[in-house]
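Following: one structure in structure tokens, then a few remarks.
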Amino acid sequence: MKLTGIALALLFGVGQPFQAPQRTLRRGARSTMRMALYDGKYKDELRETAAAMTALGKGLLACDESTGTVGSRLESIGLENNEENRMTWRNLLFTAPKLGDYISGAILYEETLFQNDPAGKPFVEVLNANGIIPGIKVDTGLTPLFGGEEGETWCAGLDGLHARCEKYYAQGARFAKWRTALRVGPNSPSKLAITEAAHGLARYARICQEAGLCPIVEPEILIDGDHDVATTAKYQEEIITKVYDCLQDHGVLLEGSLLKPSMTVNGVDCKTKASPAEVAELTVRTFERTIPAAMPGVVFLSGGISEEDSSIFLNEINKIDRKGPWRLTFSFSRALQSSCLKIWEGKPENVDKAQAQLVARAQANSEASKGEYKAGSQPSIEESLYVKNYVY
Ligand code: 13P
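If you read the sequence shown in the numbering used here, its first letter stands for residue 28, the second for the next number, and so on.
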């Protein structure tokens, strides 16, 4: 049958104003509608912050260890865990000459965000003067996940989060971090642990954006265990997929957010060690399958991998000709600070050497973020930095 122009016009409503189809839900049917994307007053600033944090050749210095964790580090070099020593240590890090050439942002613990340097200048000003954006850890830590598998945890900190974020923004923080951790074991990560991790990260990220803080979304896969690299890759793909599904459900503006994952490595007790090339290939493959192109950058954690291995893995990752447009850079704590701390030994006469060591590792990682690092070209402490059941 041939349809005339008039019949076609009647059929398709030509000339009628466009009307979006009405969504009427059947009784008992569930809505699949996502929350509207964050479109508030910080939307441009969030994008700019994320872009500045992942500027070419730059990465983050993570020094947001809780008071207890930084305390055990200080005690390892014979220093007491008191506020003055914590301040002295962080001042050493922030004032390392030329650190700002390689570091775009520093993740702080709340105490440091509100602390002054030895001369009475707020640390926020010290960092800004060195071209380093101050950020803040906002989660309140991991607690047992009842109903989950053995050893599984969930990450707390949503209560009162918006008010805290407003206070942190007023103090000068421009980005935030929330670290949740997933364990690989015979029956884990469980579906419950993955769902809970993704949900917490999405709620956190949206709340931060409402207060002007660019959220770093950190679903760490712990290296504890004897699983091989293929197992890590399988779970990481599932976890990151779920995380982005939830971020989009919560209307998180992906352009104003960053991802902080682990590199895809085998468990520390696995007999077969993945080569840097394998780590790189699986890490990039996972991202290509799971991360939307709108999200501007990945800032890896080091997770107990040694300083030199972290740089080598990051370098291999950046040598791959990937499909995605994201920057792939670093946000290391242990893999940036460990040898610096040991060289310092808490002694004023070692400050220059310790700072030079920090900057050397920062430079190594800067080069690695461009695929230009030559293994061994910067000094490091070769021993493994892995600590069993590490608490951040
Ligand atoms: P590590 O690099 O020591 O794993 O720390 C990462 C982190 O989450 C700190 O913010």
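Note that CB positions come from ideal geometry on N, CA and C, so glycine has one too.
{"Item": "Would you list the one or two residues that DSSP bridges to N108?", "Value": "None; N108 has no bridge partner."}
{"Item": "Which of the three DSSP states, helix, strand or coil, is assigned to C297?", "Value": "coil"}
{"Item": "Identify the residues that DSSP records as bridge partners of C367: which are they?", "Value": "In the DSSP output, where bridge partners are listed per residue, C367 has none listed."}
{"Item": "Any residue with its Cβ nearer than 7 Å to a heavy atom of the ligand 13P should be included. What is that list in chain order?", "Value": "A89, D91, I134, K164, K204, R206, E245, E247, K287, L328, S329, G330, G331, S358, F359, S360, R361, A362 and Y419"}
{"Item": "Would Q405 and A391 qualify as a contact pair, given that the criterion is a beta-carbon distance under 8 Å?", "Value": "yes"}
{"Item": "Going along the chain, which residues of its own chain have a beta-carbon closer than 7 Å to the beta-carbon of Y196, five neighbours each way excluded?", "Value": "A238, G239 and L240"}
{"Item": "Distance check for A389 and L126, CA to CA, integer angstroms please.", "Value": "7 Å"}
{"Item": "Suppose contacts are defined by Cβ-Cβ distances below 8 Å. Is L249 in contact with A224 by that definition?", "Value": "no"}
{"Item": "According to the neighbour-count rule (16 or more other Cβ atoms, all chains shown, within 10 Å of its Cβ), is R61 buried or exposed?", "Value": "exposed"}
{"Item": "Do A304 and E334 have their CB atoms nearer than 8 Å?", "Value": "no"}
{"Item": "In terms of DSSP beta bridges, what is F493 paired with?", "Value": "Since the first residue of the chain shown is 28 and the last is 419, residue 493 is not available in this structure."}
{"Item": "Who does P149 pair with in a DSSP beta bridge?", "Value": "N143"}
{"Item": "Could you give the distance in angstroms between the alpha-carbon of Y417 and the alpha-carbon of L341?", "Value": "22 Å"}
{"Item": "When DSSP labels each residue in this structure, what does G84 get in the three-state scheme?", "Value": "coil"}
{"Item": "Under a three-way DSSP split, which group does S93 fall into?", "Value": "coil"}
{"Item": "Should V386 and A123 be called a contact, given that it needs their Cβ atoms to be closer than 8 Å?", "Value": "yes"}
{"Item": "Ignoring anything shorter than 4 residues, give me the alpha helix (DSSP H) runs that lie fully in the segment 320–353, in order along the chain.", "Value": "334–346"}
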